[in-house]
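Protein chains in written order, with this note's numbering: chain A, 1 to 347; chain B, 1 to 347; chain C, 1 to 347; chain D, 1 to 347.
Where a beta carbon is used, it is the ideal one built from N, C-alpha and C, also for glycine.
Accompanying notes for the structure given below.
Protein chains: 4
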Amino acid sequence: MGKAHSRALRELRHLDVPLRPELVSISGRNTETIEQARSLWGWAHALTDWREQVADERIGLFVNAGPNALHAEPMNAAARAGKHVLCEKPLGLTAHDSYELWQEAERAGIRHLCGFNYRFVPAVRLTRELLEAGELGEVVHFRARYLQSWGWEADPTLWRFAPGEAGSGALGDLGTHMIDLARYLVGEIATASAFVRTVVPGREVDDHFVAAIEFENGMLGTLEASRLARGRKNSNVFEVNGSQGSVVFDLERLNELEIADTESFRRILVTEPDHPFMRYWWPPGHILGWGETVVHELGHLLEAIAGEHGVAPHGATFEDGYRCAEVAEAIVRSAESGRREQVTYQS
Amino acid sequence: MGKAHSRALRELRHLDVPLRPELVSISGRNTETIEQARSLWGWAHALTDWREQVADERIGLFVNAGPNALHAEPMNAAARAGKHVLCEKPLGLTAHDSYELWQEAERAGIRHLCGFNYRFVPAVRLTRELLEAGELGEVVHFRARYLQSWGWEADPTLWRFAPGEAGSGALGDLGTHMIDLARYLVGEIATASAFVRTVVPGREVDDHFVAAIEFENGMLGTLEASRLARGRKNSNVFEVNGSQGSVVFDLERLNELEIADTESFRRILVTEPDHPFMRYWWPPGHILGWGETVVHELGHLLEAIAGEHGVAPHGATFEDGYRCAEVAEAIVRSAESGRREQVTYQS
Amino acid sequence: MGKAHSRALRELRHLDVPLRPELVSISGRNTETIEQARSLWGWAHALTDWREQVADERIGLFVNAGPNALHAEPMNAAARAGKHVLCEKPLGLTAHDSYELWQEAERAGIRHLCGFNYRFVPAVRLTRELLEAGELGEVVHFRARYLQSWGWEADPTLWRFAPGEAGSGALGDLGTHMIDLARYLVGEIATASAFVRTVVPGREVDDHFVAAIEFENGMLGTLEASRLARGRKNSNVFEVNGSQGSVVFDLERLNELEIADTESFRRILVTEPDHPFMRYWWPPGHILGWGETVVHELGHLLEAIAGEHGVAPHGATFEDGYRCAEVAEAIVRSAESGRREQVTYQS
Amino acid sequence: MGKAHSRALRELRHLDVPLRPELVSISGRNTETIEQARSLWGWAHALTDWREQVADERIGLFVNAGPNALHAEPMNAAARAGKHVLCEKPLGLTAHDSYELWQEAERAGIRHLCGFNYRFVPAVRLTRELLEAGELGEVVHFRARYLQSWGWEADPTLWRFAPGEAGSGALGDLGTHMIDLARYLVGEIATASAFVRTVVPGREVDDHFVAAIEFENGMLGTLEASRLARGRKNSNVFEVNGSQGSVVFDLERLNELEIADTESFRRILVTEPDHPFMRYWWPPGHILGWGETVVHELGHLLEAIAGEHGVAPHGATFEDGYRCAEVAEAIVRSAESGRREQVTYQS
């Protein structure tokens with residue numbers, strides 16, 4: 001993600017956004033590695049202590065793309081220092097941590113984003129626009145599954161498998177993306193009935209979960225994530241069924257959206273000039289990559305910082321990061337209790 | 001289904017199966033309608049009382065394609081009269097009814113099939129063969145959803161919406177197909193956490209359900225069925241992920257199977273001479289229709305009756321019909337209790 | 001094709017068509033083989049001399065599914081004897097033969113069909129209806145390719161590879177289907193510029209051809225057929241582009257039609273009650289197989305024989321068979337001359 | 001293309017390539033427009049006379065993304081001034097012009113690329129690697145069609161419709177991409193039989209062409225391009241059939257490659273670490289956009305300039321641009337003569 005954020009910030013210097021970011025400094029644990037990253041990715045300075053960045057008055061935006069266990073402390077410090085922040089997902093290691101991060105950011109009065117970059121896929125934004133315009137009618141079903149397969153042969157020493165650093169496995173890594181999209185597109189999740197599994201012997205975080213969910217409007221959905229689905233590379237697929245139509249999205253074909261009316265599905269290539277974000281890019285039919293989603297996300301944050309729309313209306317804000325964490329914890333609680341669990345929020 | 005069974009029985013007179021069925025009689029409530037069906041579908045006699053058929057010594061196989069509420073009495077009578085039987089799904093209106101039907105059939109010592117015809121789709125049978133041969137390794141996930149959309153504008157007087165005749169809605173009609181395939185391909189289901197919904201105002205049976213399930217081997221899955229998914233006509237899709245590979249099936253493209261090894265998905269047109277059931281039909285690339293699944297199903301029953309393989313090894317037997325009903329009832333119990341429910345069986 | 005025609009004729013006894021065919025006799029060269037076919041496929045008598053069939057007054061319809069070299073003599077004799085006829089494609093070994101067959105049939109005043117059964121795929125018929133209704137505007141492009149791969153490992157003694165029996169290879173077998181669809185959907189072909197190739201050493205008929213064609217309305221198209229396209233089983237794909245929309249069809253998914261308006265493609269499952277031929281069959285989403293196309297074709301002929309619509313308005317009549325042969329010969333002439341060749345017709 | 005080249009050059013400053021480009025100056029006809037472009041796209045200087053750039057000693061690489069009529073003069077001048085060059089396709093307005101451009105570049109001893117960026121799509125490069133490794137066996141067929149639909153409603157004053165500026169229409173714009181890919185993947189084209197059409201009244205360049213082609217190895221192919229194919233946005237699709245396998249590519253899904261062995265097609269997401277160009281980018285399953293093809297193309301040129309591999313082994317060099325132009329002219333000659341035309345080359 002460090003590479004993707006660096007590239008996006010450079011790119012935003014050359015797009016029609018209200019602020020042109022300067023790449024002041026990048027920090028990391030290893031002196032040599034971080035200097036290489038600095039040099040390759042175009043940062044002015046390389047540091048091994050993020051505290052120097054928090055103290056640097058030139059810095060107005062602090063982006064945290066570190067392991068999950070290194071989200072809370074730097075984010076809180078940066079917010080208190082008055083810097084706008086973007087933190088990768090999941091926000092904190094627990095819902096409570098996430099809540100504290102959100103509260104700290106609110107108290108500081110800064111702009112805050114949690115890195116749910118799939119809100120910034122043009123086809124996802126188009127889905128949101130269709131829903132807001134009522135073109136799909138009332139939503140009655142939502143189903144999403146995020147499948148990868150790298151978990152079978154993965155290096156067991158990866159930080160993603162260490163409970164202390166990652167917090168959780170497929171649920172935190174992939175599941176939170178789906179939870180966020182469910183919330184962004186349909187609304188708040190009220191209850192969850194779920195199972196969570198660790199399949200690979202010796203692994204300490206989950207490989208797989210399934211959940212049946214109920215939204216606050218009473219409608220139902222399913223969520224599933226796995227790192228063990230052979231043949232699937234990055235298959236984040238959701239379907240929304242409304243009373244007047246449906247949409248299907250697949251991250252592996254992120255430039256496409258299948259849209260049904262009451263009869264049949266139409267395949268839309270989301271690259272027309274009037275499609276979300278396409279004013280930045282190419283003529284129709286010239287597709288975007290995954291990297292552009294991060295450009296759009298940071299662009300949205302720059303607009304928010306510039307005061308164009310007060311807050312960041314499409315989020316995902318730290319509040320979204322917190323709410324997502326509560327849903328994830330309800331899933332874990334349900335897996336443990338064998339009961340349908342309410343999602344509850346601190347206030 | 002009456003039309004489909006009639007056609008299949010006629011067709012089987014001209015395929016390489018050990019018995020050639022004679023179409024003795026067809027029965028129905030309305031004299032005129034049943035005579036039309038007799039004449040068009042090629043039956044020798046038309047009757048308005050199925051008891052005459054039970055008493056008819058010429059009849060060796062009794063097929064019941066009537067509404068769900070008319071399954072139990074004729075089936076039990078036919079079995080007691082020593083006739084082999086095929087009963088459309090779901091078997092009984094309750095799991096208990098289904099159990100009684102199974103027991104009666106066992107006591108009578110006849111061959112019995114419950115009409116889960118999707119076991120007889122060549123691509124489904126090929127999936128089973130791949131699993132039995134270990135080509136997908138150990139199954140770790142199963143997901144299925146059966147989506148239709150006709151429920152939005154449907155005639156409210158249809159028997160399918162009458163609780164007394166249909167028993168349940170999407171769960172009994174579509175969900176049971178998925179439960180049966182899950183059992184046929186993966187194994188017994190141990191527990192279910194589910195929600196069931198009636199969305200359309202005034203409707204008395206369910207339109208939609210979602211379930212997170214656990215198999216006896218500890219692995220997880222999801223099931224969902226709806227009659228309200230806009231753009232979906234008959235979209236019965238399942239995916240099995242194993243430790244060595246995966247398969248994806250879609251009933252709307254029933255001649256295809258997507259098969260993954262540890263790397264990527266391959267699209268197989270299941271029409272090669274060595275593919276299941278294809279010895280009956282055409283050269284490679286000449287696809288089959290839905291109607292042929294009923295031919296294969298009845299052909300399997302004829303082979304069982306002829307003693308070719310003792311029982312009907314691919315079922316679905318009345319035991320399968322009963323076990324499916326227990327899973328469906330666990331889903332309903334879970335929806336009501338808000339708890340993960342065990343599937344239990346009478347013995 | 002003998003099996004497919006037999007099945008279709010039996011099936012038509014139980015569909016809503018104006019005549020119920022009786023299966024009088026089947027003939028073939030080998031006594032034993034033809035008796036087996038008779039017994040399995042439901043014919044009353046088996047013969048080794050088609051002349052007996054021509055002389056049989058009970059027979060009103062003569063279907064010829066034999067090798068191409070055995071089309072002309074029996075067809076002419078049957079027509080002269082006043083029998084209605086269906087002859088598999090290609091009609092004659094040459095355009096001239098085909099012309100004579102057509103003329104003989106016309107003189108005899110009987111109903112005649114050339115076996116271009118893809119006119120009777122519901123999605124193809126729907127394409128025709130869309131074109132007739134002007135929904136695609138004016139046709140500007142047509143492209144079709146029919147790809148199979150069995151030619152690589154095929155038995156060299158097959159009659160399909162013997163020039164004397166087959167006439168030609170991929171062109172006659174697959175190319176004629178595409179030529180017929182081009183004519184049926186778009187209109188007459190005026191000129192062709194083509195190459196024809198035999199790739200496999202020792203083979204005496206063509207494996208592959210490509211043609212750039214011009215329709216009489218001045219618009220252009222491409223045709224290609226091959227038996228050597230690895231991975232393709234029966235991939236007969238065409239696309240029609242009009243000023244207001246497009247359609248794409250693939251025989252391997254014969255129940256689907258992709259239809260574009262001026263913006264995007266929609267996937268239609270051609271199984272709705274108001275879709276062509278679906279009144280014979282199942283509820284929406286329950287797909288048909290290749291075999292049903294032959295049922296529809298013979299049903300159309302039965303309607304024509306019964307006088308329902310005078311001639312067979314959807315053909316393909318022997319005139320269509322003849323006209324197709326002229327296009328095929330223009331393709332061969334162009335391959336030999338290196339020039340764009342006019343398609344000309346005898347009169 | 002100016003935007004795409006600017007972005008690619010900036011991006012290459014941060015990728016692992018042997019030279020880091022500086023963006024010295026950009027030129028254009030309109031003072032105001034070019035200054036906006038300079039400012040937004042990150043160039044140091046904006047000019048209205050390209051001759052100043054030719055005279056600027058700081059400049060080592062001259063990229064020409066102007067209209068086709070403005071390719072020859074600046075390219076020749078830049079080459080003579082010893083600058084390396086990249087010129088958008090088609091190279092010259094005629095094959096002869098293109099030949100002169102190539103010769104001038106050769107005499108100057110500089111590195112030269114013609115902008116066929118689709119050689120730099122990872123899936124296209126993978127196709128080339130599979131062919132070179134013999135995994136598809138001997139190529140027997142090649143078919144390509146490049147379909148767009150914007151021609152129906154396009155602004156008639158666009159330079160693309162002016163014969164003097166564009167040279168030709170769909171043939172020069174889209175057809176040349178296909179010709180280049182045919183040459184890159186299969187080999188030289190020997191002859192062409194073609195039609196070229198202007199369909200829209202009042203238009204002075206072609207909207208559509210079709211060609212049947214023969215490669216020097218005797219194998220056949222088809223090419224087609226149109227700006228009038230409703231529903232198609234940027235549908236550049238090719239298929240290569242070899243004796244041992246096939247591949248299918250679609251530019252609208254440029255991250256995918258369908259690869260057949262002798263049996264069936266496999267869908268490959270070309271985003272694995274060992275896939276071409278992926279070392280620059282993201283983890284598996286995170287797709288690239290069209291813009292990245294230009295990054296890869298310019299990266300290849302930088303490597304060539306740095307002497308990494310002497311010339312630019314993957315081209316497309318000006319020789320490729322010239323050879324492509326000869327094929328395009330053979331297509332036009334064939335359309336006019338009605339004969340199969342040889343492709344001949346100046347020497």
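Exercise for the section: Name the residue from A:83, A:76 and A:82 whose alpha carbon lies nearest to the alpha carbon of residue 91 of chain A. Expected result: By 1-based counting over the first sequence, the position of residue 91 of chain A is 91. Looking at the Cα atoms, A:76 is the closest of the given residues.
Exercise for the section: Please name the residue, chosen from B:281, B:222, B:255 and B:172, that lies closest to residue 207 of chain B on a Cα-to-Cα basis. Expected result: Indexing the second sequence from 1 puts residue 207 of chain B at position 207. Answer by Cα proximity: B:172.
Problem - Residue nearest to residue 69 of chain C in terms of C-alpha spacing, selected from C:78, C:84, C:89 and C:115 - result: Numbered from 1 along the third sequence, position 69 holds the residue referred to as residue 69 of chain C. Per the Cα distances, C:89.
Practice task
Specify the secondary structure class of residue 300 of chain B as computed by DSSP and reduced to three states.
Solution key: For the purposes of this step, residue 300 of chain B is taken as the residue at position 300 of the second sequence. Of the three classes helix, strand and coil, the one that applies to residue 300 of chain B here is helix, per DSSP.
Handout entry: Within chain A, partners of residue 264 of chain C - CB distance below 7 angstroms
Key = As a position in the third sequence, residue 264 of chain C is number 264, starting the count at 1. Near residue 264 of chain C (Cβ distances below 7 angstroms), the residues of chain A are 266, 267 and 268.
Exercise for the section: Using three-state DSSP, classify residue 293 of chain A as helix, strand or coil. Expected result: Taking the first residue of the first sequence as 1, we reach residue 293 of chain A at position 293. Residue 293 of chain A: helix per DSSP, three-state reduction.
Handout entry: As assigned by DSSP and simplified to three states, the class of residue 143 of chain D
Key = The sequence position of residue 143 of chain D within the fourth sequence is 143, counting from 1. Looking at residue 143 of chain D - three-state DSSP - the assignment turns out to be strand.
Exercise for the section: Kindly indicate if chain C contains any beta-carbon less than 8 angstroms away from that of residue 221 of chain D. Expected result: Position 221 of the fourth sequence, counted from the first residue, corresponds to residue 221 of chain D. At least one chain C Cβ lies under 8 angstroms of residue 221 of chain D.
Practice task
Step through the CB atoms of chain A and report whether any lies within less than 8 angstroms of the CB of residue 179 of chain D.
Solution key: If you number the fourth sequence from 1, residue 179 of chain D lands on position 179. Residue 179 of chain D does not count as touching chain A.
Problem - CB contact check: residue 89 of chain C to chain B, cutoff 8 angstroms - result: Position 89 of the third sequence, counting from 1, holds the residue named residue 89 of chain C. So, not an interface residue.
Practice task
Consider the Cβ of residue 195 of chain B: report whether some Cβ of chain A lies at a distance smaller than 8 angstroms.
Solution key: As a working mapping, residue 195 of chain B is identified with position 195 in the second sequence. It does; some Cβ of chain A falls within 8 angstroms.
Handout entry: Distance CB(residue 124 of chain B)-CB(residue 181 of chain B) smaller than 8 angstroms
Key = Translated into the one-based positions of the second sequence, residue 124 of chain B becomes position 124. Translated into the one-based positions of the second sequence, residue 181 of chain B becomes position 181. Result yes, Cβ atoms of residue 124 of chain B and residue 181 of chain B sit closer than 8 angstroms.
Exercise for the section: Closer than 8 angstroms, Cβ to Cβ, to anything on chain A: give me those residues from the region 315 to 341 of chain B, in chain order. Expected result: 334, 338, 339 and 340
Handout entry: residue 173 of chain C: CB within 7 angstroms of a non-hydrogen atom of the ligand NAP
Key = Summarising the ligand content, the structure contains no ligands, and the ligand NAP is consequently not present.
Exercise for the section: Report all residues from its chain with a CB closer than 8 angstroms to the CB of residue 311 of chain B; omit the five preceding and five following residues, and keep chain order. Expected result: Locating residue 311 of chain B in the second sequence gives position 311, counting from the first residue. 111, 304 and 317, listed in sequence order.
Practice task
Reducing DSSP to helix, strand and coil, say where residue 224 of chain C ends up.
Solution key: Within the third sequence, residue 224 of chain C is the residue found at index 224, counting from 1. Three-state result, residue 224 of chain C: strand.
Problem - Euclidean distance between Cα positions of residue 262 of chain A and residue 231 of chain B - result: Working through the first sequence from its first residue, we reach residue 262 of chain A at position 262. Working through the second sequence from its first residue, we reach residue 231 of chain B at position 231. Approximately 6 angstroms, taken between the alpha carbons.
Handout entry: chain C contacts from the region 212 to 246 of chain B (Cβ-Cβ distance under 7 angstroms)
Key = 233 and 234
Problem - Pairwise C-alpha distance: residue 291 of chain A and residue 1 of chain A - result: The residue you call residue 1 of chain A lines up with position 1 of the first sequence. The residue you call residue 291 of chain A lines up with position 291 of the first sequence. Each residue's alpha carbon lies about 10 angstroms from the other.
Handout entry: Cβ of residue 271 of chain A within 8 angstroms of any chain D Cβ
Key = Taking the first sequence and counting its residues from 1, one reaches residue 271 of chain A at position 271. Closer than 8 angstroms: yes.
Problem - Helix, strand or coil at residue 160 of chain D [DSSP, three-state] - result: Looking up residue 160 of chain D in the fourth sequence gives position 160. Looking at residue 160 of chain D - three-state DSSP - the assignment turns out to be helix.
Practice task
Tell me, to the nearest whole angstrom, how far the beta carbon of residue 10 of chain B is from that of residue 23 of chain B; I am working on the premise that it is less than 8 angstroms.
Solution key: In the second sequence, the residue the question calls residue 10 of chain B occupies position 10. In the second sequence, the residue the question calls residue 23 of chain B occupies position 23. Indeed they touch by this definition, with Cβ atoms about 7 angstroms apart.
Practice task
Let me know the beta strand (DSSP E) ranges lying completely inside the region 38 to 113 of chain B, each 3 residues or longer, listed in chain order.
Solution key: 45 to 47, 61 to 64 and 84 to 87
Handout entry: Contacts around residue 45 of chain A, its chain only, beta-carbon distance under 8 angstroms, and the 5 residues preceding and following it disregarded
Key = Your numbering for residue 45 of chain A matches position 45 in the first sequence. Closer than 8 angstroms at the Cβ level, and outside the excluded window around residue 45 of chain A, lie 24, 25, 26 and 38.
Handout entry: Residues that residue 348 of chain A bridges to, as DSSP identifies them
Key = This structure gives no information on residue 348 of chain A, because the portion of chain A shown stretches from 1 to 347.
Problem - Under 9 angstroms (Cβ pairs) to chain A, residues found in the region 2 to 31 of chain D - result: 3, 4, 6, 7, 10, 11, 13, 14, 15 and 16
Exercise for the section: Using the Cα positions of residue 264 of chain A and residue 242 of chain A, report the straight-line distance between them to the nearest angstrom. Expected result: Mapped onto the first sequence, residue 264 of chain A falls at position 264. Mapped onto the first sequence, residue 242 of chain A falls at position 242. If I take the Cα positions, the gap works out to 13 angstroms.
Practice task
Note down, in chain order, each residue of its chain lying with its Cβ closer than 7 angstroms to the Cβ of residue 31 of chain A, except the 5 sequence neighbours on either side.
Solution key: Counting from 1 along the first sequence, the entry for residue 31 of chain A is found at position 31. Within the same chain, residue 31 of chain A has close Cβ partners 48.
Practice task
Could you list which residues in chain B have their beta carbon closer than 7 angstroms to that of residue 260 of chain A, in chain order?
Solution key: Numbered from 1 along the first sequence, position 260 holds the residue referred to as residue 260 of chain A. Going along chain B in sequence order, the residues near residue 260 of chain A (Cβ under 7 angstroms) are 230 and 231.
Practice task
Would you please state the rounded distance, in angstroms, between the beta carbons of residue 347 of chain D and residue 141 of chain C? I believe it to be under 8 angstroms.
Solution key: Sequence index remark: in the fourth sequence, residue 347 of chain D carries index 347 (1-based). Sequence index remark: in the third sequence, residue 141 of chain C carries index 141 (1-based). Not confirmed; about 37 angstroms, so no contact.
Exercise for the section: Name, please, each residue of chain D whose Cβ falls closer than 9 angstroms to the Cβ of residue 36 of chain A. Expected result: Within the first sequence, the letter at position 36 stands for residue 36 of chain A. Within 9 angstroms Cβ-Cβ: nothing; residue 36 of chain A doesn't reach chain D, min ~10 angstroms.
Problem - Residue of D:96, D:67 and D:63 minimising C-alpha distance to residue 84 of chain D - result: Taking the fourth sequence and counting its residues from 1, one reaches residue 84 of chain D at position 84. Comparing Cα positions, the closest option is D:63.
Practice task
Starting from residue 26 of chain D, follow its DSSP beta bridges and name the residues at the other end.
Solution key: For the purposes of this step, residue 26 of chain D is identified with residue 26 of the fourth sequence, where counting begins at 1. The partner list for residue 26 of chain D (beta bridge, DSSP) reads D:46.
Problem - Minimum C-alpha distance to residue 136 of chain D - residue among D:99, D:65, D:185 and D:177 - result: Here residue 136 of chain D refers to the residue found at position 136 when the fourth sequence is read from its first residue. Comparing Cα positions, the closest option is D:185.
Problem - Reference residue 158 of chain B; option with closest CA among B:287, B:196, B:205 and B:247 - result: Your numbering for residue 158 of chain B matches position 158 in the second sequence. Nearest C-alpha to residue 158 of chain B: B:205.
Problem - Delimiting residues of the beta strand (DSSP E) encompassing residue 249 of chain D - result: Position 249 of the fourth sequence, counted from the start, is the residue given in the question as residue 249 of chain D. Start and end: 246 to 250.
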